[in-house]
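The listed protein sequences correspond, in order, to chains A and B. The opening residue of the first sequence carries number 1 in this note's numbering; numbering runs sequentially from there. The opening residue of the second sequence carries number 1001 in this note's numbering; numbering runs sequentially from there. Where a beta carbon is used, it is the ideal one built from N, C-alpha and C, also for glycine. Presented below is the structure to which this report refers.
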Amino acid sequence: MIPTEPIGSIPRPPELIDGIARLGDGTDPQLEPLYDAAIKDTVQRFECTGSPVITDGEQRKYHNFWTYSVEGMQNTAPDGFRIPFAAGHERRMPRLTGGPFRYHRYADRFLEQAMRHSSVPVKQAVISPSALSLMYPADGIASYSREEFIEDLVSEHVTEVRRCLAMGAHAVQIDFTEARLAIKIDPTGALLASFIDLNNLALARLTPEERLRVGVHTCPGGDRDSTHSADVPYTSLLPSLFQLNVSNFYLSLAGERDREGALAIIASHLKPGHRAFIGVIAPIDPRLESPEIVRDRVIEAARFIPLHQLGTTDDCGFAPFCDDKSTSRALAFAKIRARVAGTALAERTLGLA
Amino acid sequence: MATDEEEQQIRAAALKNIEAILSARQRAETALLTAKLSLEKRTDELQQQRKWFEVTLASIGDAVITTDTEGRVTFMNPIAETLTGWPLADAERQPLRAVFRIINEDTRQPVENPIEKVLETGQVVGLANHTALISRAGMEVSIEDSAAPIRDPDGKVAGAVMVFHDVSRRRAAERALRSSEERLSAVFSQAALGIAVADLDGRFQEANFKFCSILGYSLEELRQHTFLDLTYADDLVATLAKVKELREGKIENYALEKRYVRKDGSLVWSSTTVTLLRKGTGEAAQFIGIIQDITERKEAVDTMSRLAAVVEYSDDAIITKTLEGIISTWNPGATRIFGYTADEAIGKPVTLLIPPEHLDEEPGILERLRRGERIDHYETVRRRKDGTLINVSLTVSPIKDEHGRIYGASKIARDITRQKRAEELIREQAHVLALLDTTGKSIASQLDLQNVLQTVTDTATQLTGAKFGAFFYNIINEQGEAFLLYTLSGARREDFEKFGLPRNTAVFHPTFTGQGVVRSADITKDPRYGKSAPHHGMPKGHLPVRSYLAVPVVSRSGEVMGGLFFGHPDVDRFTERAEQVVIGVAAQAAVAMDNARLYEAAQREIASRERAEAALRETDQRKDEFLATLAHELRNPLAPIRQATLISMSADATPDQKRWAHEVITRQVRHMSVLLDDLLDISRITRGTLELRTEMTDIKAVVDAAVETSRPTIDAKMHDFHIELPREPVKFAADPLRLAQVLSNLLTNAAKYTDPRGRIRLRATADADTITISVTDTGIGLSQEGLTAVFRMFSQVQSTRDRSDGGLGIGLALSKGLVQLHGGTIEASSAGHGQGSEFVVRIPRRTIASAAPQITEGTILNAHKRRVLIADDNRDAAESLAMLLEMHGHTITVVSDGRQALAAIESSPPEVALLDIGMPHIDGYEVARRVRGDTRTREVLLIAVTGWGQEQDKARAMAAGFDLHFTKPIEPQQLIELLAAELPGR
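As structure tokens, this is what we get:
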């Protein structure tokens, strides 16, 4: 049997998007009914796709998958780094202005709300420590050393992961989309290695059992049907990626130009106990994949990856940012349904079902 | 698109982070290394520790098994290997439950493995009781086990350790101890003796169930008391004395038989033993008392004493004997009954008392005793010392020792000789009563005297045991009392008949006179015997009699009805009881005889009544026939009268024809008058109203008058008629007309029932007392039946009717009545049909002082001439009477109803008024009342003329004012005479 899991985000309902736009603040209490309705609808439609594992579609992640945990922190300033996307738009990170660094919210609160409506396992995506490490300004904070920040950051991340695991998450997925960005910024690979070190520092604090339910996701950074680092070759990322001390790897592949090359590298670096969930759906591709296409992509991957270490997933979330309207919810669920159906077709083709 | 500057800033910030991250990584690696070293050191220590533990575990007495988190065996020490039977090499990695199989010792059910519980809960599982380990070889070992989790340095459960040890010995010891304690507890609580512990004040602290039950208190209640509280007052002094000695150490314990007062107030005898327990220092500590309820024993002793007295003074013989039949005890009752003293009897075989013919009983009795059976009320015969036999009732019971073994028997012998005799008497009495009852029923159910007396005689003979018995029924003969042999039992009738009737001799006299019973043991020795001639005792050939018993049979009215006599050739055979029995039988016999007599009388009465009823029925039948005859006879004259009347009234009739007609009418009227006269006479005779006009009469005149009347009939049949009269005139008192009527009737009958030219004789004789007149004929005669029937009313001999020329058949009845009125008799005799008849009239020859005044023709001629009123709606009757009276010179006025009568009387009061009662308008009674109410007419002699002749009719007429009452048809002569004579004064 080939497991298949989503990455996480689903486009928000238009009324929610409009509400957020109207109020200008995703945390306004007036949005609670819209959030509740969006989560309930997402869970129900997710289950209808047949996906054995679902998410809440990250309906409450404001403003996006990267900054949801620090949105609203008092010791931040909005003038952080801008994250450039291929489509020409950019997203700016908050800037830490003082210590100590504490998450403003943990993702388990989203998980709890989704599990109330769900009858199937729910997984939860959290942001990696390495992504948030960019909040600390280059010139430092006088009263709060960088070392202190790193320690607090690792600690907060571990806390969030454990809270989600404790809440009953089917799996906790660490979004590590900045991996390619790190290579883009620092082609020497030193930054990427540093990011991996940082993340491993956190992962090291988890128990092996906990780590069995923890995975890492990397992609070019899809947003509004564009990426922030798709131009970074996968081959220079993957070897380092497998240094992460996790069990599951959620890897975008459907949108990759050299899938076989990528698959070969994945296969060569995959260790015992690892499972590679390869992307068979390209959320930024406005075309709906057929199950047969998905099947073919699975079969293609199966040529490289042992079946017992193979899984399928989407290349990326369908709407990592809350105001992303580039993909409709209907298309997103149709694509998910195609992933599920195509994976099942592949199972039959591969003689697994 | 981010600017290069911004990318530089990001890079700068990121690269600065690299250093910090690297630094952090280095710190982490350092810490990891340190931890690794520490871990390695710790691992070494642990390995050393493990070895130490393994050595230790190998040397300790407890078995130890450790498992991983899966419950698989990771370590076992040698003790565990021994107890489980599993070498560590085999057991390692095996599930613990396979190696360590445990069950509950009591329930034999598998119990939860403590390791599993530890791994599940992370808690220490303590010792479990009653656990048994089943070794690999199936051996069972009692163990105690406990288990605890093995935690890693992080506190997580890494496995479990179980420690257990063999407690089989201890368990066995515990079981033994528990069993011992239970036994002790049971002994204490269930001891047959009451056991109690009391403090030095005597207050109860503990007591077992028996103690509580003896005293009737619960343990809680008992703790509220001291043993002195519950000691019976009479035993308190002795108890206190013993306690004092005990306290002072003079005695170790004491035993006392004393009484306690139970909770319900009753007393209980106890054998009490009290011991004073002392501490090691010798100081007194507690009393321990043991009591036994000896109430039953005490009572048993009392009972034994009473029983001994019972045995001593019993009227029954109470003997004990061994199973060999040797007498071992002997009470005074036995001496009294059997005559042997105790010294004479004890040690002797019990057969001493058994007569030879009953010796076979004893082995059977002994055999039953050996089987433990009891012999109840065995009735038999035993022999006294003097050899006499006595009836005894034996009750023999086995005697058992304390082990239940039978070693002897007790025998109670009761002298039932008198009882047996009484029973025999009762049986005899019952037999007698049954016989009496049977006899009573038998004779009560019989009404035939002969049968009754035979039953009585037979029964009494049987009851008395007599050789023979007889019942003589009293018959009074002309010579005095004599007796008729009636019934016999046990002897033939001819044995008595040849001796004739028993006579009233001195021996028999008391019986026949009802004076009483004669019972003699030997009658030949009785002083009354042989005193009467001619036999002076029993006649020769008489049945031999020595024992004699005679009982009179007397009726309820006291009449001696006869006697029951019994004899036997042997002496002294009749007991007093036999006498009483016969008296009872005699009483029943008397009642039965009375009943039989009454029955016979009743039968006679019934027969008489039946005869009377038959006669009445016959009379009714004759009356019916008579009425038919009467109608015929009254119609017969009417036809000639009517024809003669027509002839006489015819203008064409010659004087001879008219004379002939008058003669016919006269003859027929006379005939009718005779008929009616006879009827009236017979009616008067029947009603007793016929009065004779008795006068001194000459027999010749009477015969002549009769012959005159009968002559036409006699002559008509040309009979040879002959009269024979006394030569001398014979005068006697009689009514000559009635007597002539009788003779005329006899003569007319003789003429009628004798064929023409027959012979008829009338013969009259007289002696001093009787006038006898007989009429004989040679006629058809009379049968025997006819001889008695001819004199009955309305009787005509059937066979003669055809021959009769009429008549009502009342002539002879009338004749008989008239003769009887004269005090005489009339009898008929005949030799039978065709043999002629004779009728004889006998009249007492009497005289009278003065005869009634003779009415003579002269008297009539000199009579008064009266004015007479005749009132009758029957004009013929009135006018014919008027003509008759006018012929006698009276002046007659005739009216036809009451009104005319009154008018005539008032207008011209007559001297005599003859008034019919049933007249139109005003009846005779009313006319009379008005005549009497009128002063002008009240002196008229009123004569009622009516067809109603009863006394009440006369009385009513008198009440209405009539002076005289004549019944129709008026006898003209009587009226003529009345009018001629002086009228009764008014």
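For A/Ala-190, the nearest CB of chain B lies under 8 Å from its own CB, placing it at the interface with that chain.
At a beta-carbon threshold of 8 Å, the residues of chain A lying near B/Asn-1017 are Ser-133, Leu-134, Tyr-136, Arg-146, Ile-150, Ser-194, Leu-198, ordered along the chain. Taking a cut-off of 8 Å for Cβ pairs, the stretch 1458-1475 of chain B and the stretch 1599-1611 of chain B do not touch, as fewer than three such pairs fall below it. Secondary structure in the stretch 134-166 of chain A: no alpha helix (DSSP H) run of 4 residues or longer lies completely within the stretch. B/Asp-1302 carries a helical assignment under DSSP once its states are collapsed to helix, strand and coil. Contact check for B/Ile-1195 and B/Phe-1188: beta-carbon distance about 6 Å, within the 8 Å limit, so the pair qualifies. Within chain A, the residues placing a beta-carbon under 7 Å from that of B/Arg-1025 are Asp-197, Leu-201, ordered along the chain. Counting C-beta atoms within 10 angstroms of its own C-beta, B/Trp-1052 has fewer than 16 neighbours from the protein chains shown and is therefore classed as exposed.
Among the residues facing chain B, A/Arg-82 is included, as its CB has a counterpart in that chain under 8 Å away. Less than 8 Å separates the beta-carbon of A/Gly-255 from that of A/Asp-315. Taking a Cβ-Cβ cut-off of 9 Å, the neighbours of A/Asp-186 in chain B comprise Arg-1011, Ala-1014, Leu-1015, Ile-1018, given in sequence order. Under DSSP, B/Pro-1149 forms a beta bridge with B/Ala-1160. With the rule of 3 Cβ pairs closer than 8 Å, the stretch 1249-1268 of chain B does not count as touching the stretch 1301-1316 of chain B. By the criterion of a C-beta distance shorter than 8 Å, B/Ala-1928 is surrounded in its chain by Leu-1915, Leu-1942, Ala-1944, Ala-1957, Ala-1960, Gly-1961, Phe-1962, once the five residues flanking it on both sides are discounted.
A Cβ of chain A is located within less than 8 Å of the beta carbon of B/Glu-1006.
In the three-state DSSP reduction, B/Lys-1210 falls in the helix class (H, G or I). Within chain A, the residues whose beta carbon sits less than 7 Å from that of B/Ile-1021 are Ile-150, Ser-194, Asp-197, Leu-198, listed in sequence order. Under the Cβ distance rule, A/Ala-37 does not count among the residues neighbouring chain B, no pair being separated by less than 8 Å.
For B/Ile-1346, there is no enclosing beta strand (DSSP E), since its DSSP letter is neither H nor E. B/Ala-1028 belongs to the set of residues whose beta carbon lies under 8 Å from a beta carbon in chain A. Counting C-beta pairs with one atom in each stretch, the stretch 113-128 of chain A and the stretch 172-185 of chain A have three or more that are closer than 8 Å, which means they touch. If you compare the alpha carbons of B/Arg-1427, B/Gly-1159, B/Ile-1780, B/Asp-1735 with that of B/Gly-1071, the shortest gap goes to B/Gly-1159. A straight line joining the alpha-carbon of B/Leu-1230 with that of B/Leu-1193 spans about 18 Å. Distances from the CA of B/Gly-1817 to each of B/Glu-1785, B/Pro-1920, B/Ala-1877, B/Glu-1691 were compared; the closest alpha carbon is that of B/Glu-1691. For B/Asn-1129, the number of other beta carbons within 10 angstroms of its own is below 16, and it is reported as exposed.
Within chain B, the residues whose beta carbon sits less than 9 Å from that of A/Ala-204 are Ala-1028, Leu-1032, listed in sequence order. The beta carbon of B/Tyr-1378 is closer than 6 Å to those of Leu-1394 in its chain, skipping five residues each way along the sequence.
Two segments are said to touch when three or more pairs of C-beta atoms, one from each, lie closer than 8 Å; by this definition the stretch 148-164 of chain A touches the stretch 1018-1034 of chain B. B/Thr-1697 has B/Phe-1732 as its beta-bridge partners, per DSSP. Take the alpha-carbon of B/Arg-1011 and the one of A/Ala-346: they are about 43 Å apart. Taking a contact to require three or more Cβ pairs closer than 8 Å, the stretch 1113-1129 of chain B and the stretch 1137-1154 of chain B qualify as touching. Straight-line spacing of the CA atoms in B/Pro-1398 and B/Ile-1412 works out to 12 Å. In the three-state reduction of the DSSP assignment, A/Arg-303 falls in the coil class, being assigned neither a helical nor a strand state.
Rounded to the nearest whole angstrom, the C-alpha separation of B/Pro-1087 and B/Ile-1143 is 19 Å. Residue environment for B/Ser-1218: exposed (fewer than 16 other C-beta atoms within 10 angstroms of its C-beta).
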